[in-house]
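Take the sequence shown: its letters are residues 72 to 344, numbered as in our numbering. Ideal placement from N, C-alpha and C gives every residue a C-beta, glycine not left out. From a predicted model like this one, the values you see are computed outputs, not experimental measurements. Below: the structure, in structure tokens.
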Amino acid sequence: MDEQSKPSPQAAQAKARIEAVKRGFEQRRNINQKLENIGYKIGVYSGKGGVGKTSVAVNLACYLAKQGHSVGILDVDIDCPNVTKAMGMTERATIEDGTVTPGEQYGVKVVSMSYFQKSEDEAIIWRGPMIHNAINQFLQMTEWGQLDYLIVDLPPGTSDGPLTVMQTITLDGFVVVTTPHFLSALDAKRSINMIRKLNVNVLGIVENFVGDIFGKGAGETLAKELQLSFLGGIELRSEYRMVDIPPVLRVDEIEKEYEAIVAAINTVIASKN
Ligand SMILES: Nc1ncnc2c1ncn2[C@@H]1O[C@H](COP(=O)(O)OP(=O)(O)O)[C@@H](O)[C@H]1O
Ligand SMILES: [Mg+2]
72 MDEQSKPSPQ AAQAKARIEA VKRGFEQRRN INQKLENIGY KIGVYSGKGG VGKTSVAVNL
132 ACYLAKQGHS VGILDVDIDC PNVTKAMGMT ERATIEDGTV TPGEQYGVKV VSMSYFQKSE
192 DEAIIWRGPM IHNAINQFLQ MTEWGQLDYL IVDLPPGTSD GPLTVMQTIT LDGFVVVTTP
252 HFLSALDAKR SINMIRKLNV NVLGIVENFV GDIFGKGAGE TLAKELQLSF LGGIELRSEY
312 RMVDIPPVLR VDEIEKEYEA IVAAINTVIA SKN
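This is the structure we're talking about:
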């Protein structure tokens, strides 16, 4: 090629940018096609780790499945993908011929980023573009089938991890988890502000670890302050020590807590439609 017919660096850059935008559109279209048979996509999120996100995601999903709904969980907590453990699962999602088939436990379909770990105590260091690519790939390849609800367990915080997840998957609403402590509520407030910046619905706040030890009330106070629904409290209980069977499936009081939370979520969803 002579110098004359070579594209200028600016033209080459512009072309590369257009190609990248095109690829992005295609990916989004593919993902939306894969998720189009899902009724409602709910993210479970908090500013802090250890407040009970995974526990809420798992128990919520199992409760909904027990009520006869078709339910999936997508575990995209990249650093601590604990859903399969919390569900007592040994089998993982399988990948064959470019299709991810979710594992299944207690009637809930499960896809987890733990798929990428060689062993459960391995730490994978993810950077923004890798998170984006991994989640994108999984979303494009997973056959969920028809689902009434997809529950998404997000990474905590307000930095790269959760932000990338929120930008990659279009969720219909978030359940934000806090503990009864005001510091946890402060973190929850930051996470809610982040969600709102991305124009996604916050369905409301759940307060976990309620009881004599940590007290009660920060979640409800925060909900009032931010004009959000308080979806319900969950007591601190020793029954959570056993992990193989989610406690909502074996403890009546916990089932009642989730019954109230689901009723509150449905009221919020109905009021937004
Ligand atoms: N209401 C509760 N009572 C007692 N233990 C709980 C309760 N909720 C969660 N846990 C336990 O607290 C720990 C942290 O919860 P987890 O759901 O993993 O938090 P996160 O996903 O926010 O990091 C887990 O060991 C879990 O079993
Ligand atoms: Mg977790």
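| Check | Outcome |
| --- | --- |
| G275 versus N264: straight-line alpha-carbon distance, rounded | 13 Å |
| Contact set for R261: own chain, Cβ-Cβ below 6 Å, skip 5 residues either direction | G118, T229 |
| Boundaries of the alpha helix (DSSP H) in which Y329 is found, first to last residue | 323-343 |
| C-alpha gap between V247 and Q298, whole angstroms | 14 Å |
| Length of the line joining the Cα atoms of K295 and A335 | 15 Å |
| According to DSSP, residues forming a beta bridge with S183 | D146 |
| Backbone CA spacing between T165 and N270 [nearest angstrom] | 34 Å |
| Three-way DSSP call (helix, strand, coil) for Y177 in this model | coil |
| Ligand 4 heavy atom lying under 8 Å from the CB of T170 | With respect to ligand 4, the structure offers nothing, as its ligand set consists of ligand 1 and ligand 2. |
| Supposed contact pair I305 and N337 - C-beta distance, whole angstroms, cut 8 Å | Actually they do not touch by this definition, with Cβ atoms about 18 Å apart. |
| 9 Å Cβ cutoff met for Y134 and K124 | no |
| Member of V333, I340, I316, I332 whose CA lies at the smallest distance from the CA of Q67 | Examination of residue 67 is not possible in this model, given that the chain is present from 72 through 344 alone. |
| E193 versus N207 - alpha carbon distance | 22 Å |
| Euclidean distance between Cα positions of P226 and A85 | 34 Å |
| Length of the line joining the Cα atoms of D330 and V92 | Here residue 330 is Glu; the residue named in the question, Asp, does not match the sequence. Cα-Cα distance, rounded: 43 Å. |
| Distance, I195 Cα to T155 Cα | 17 Å |
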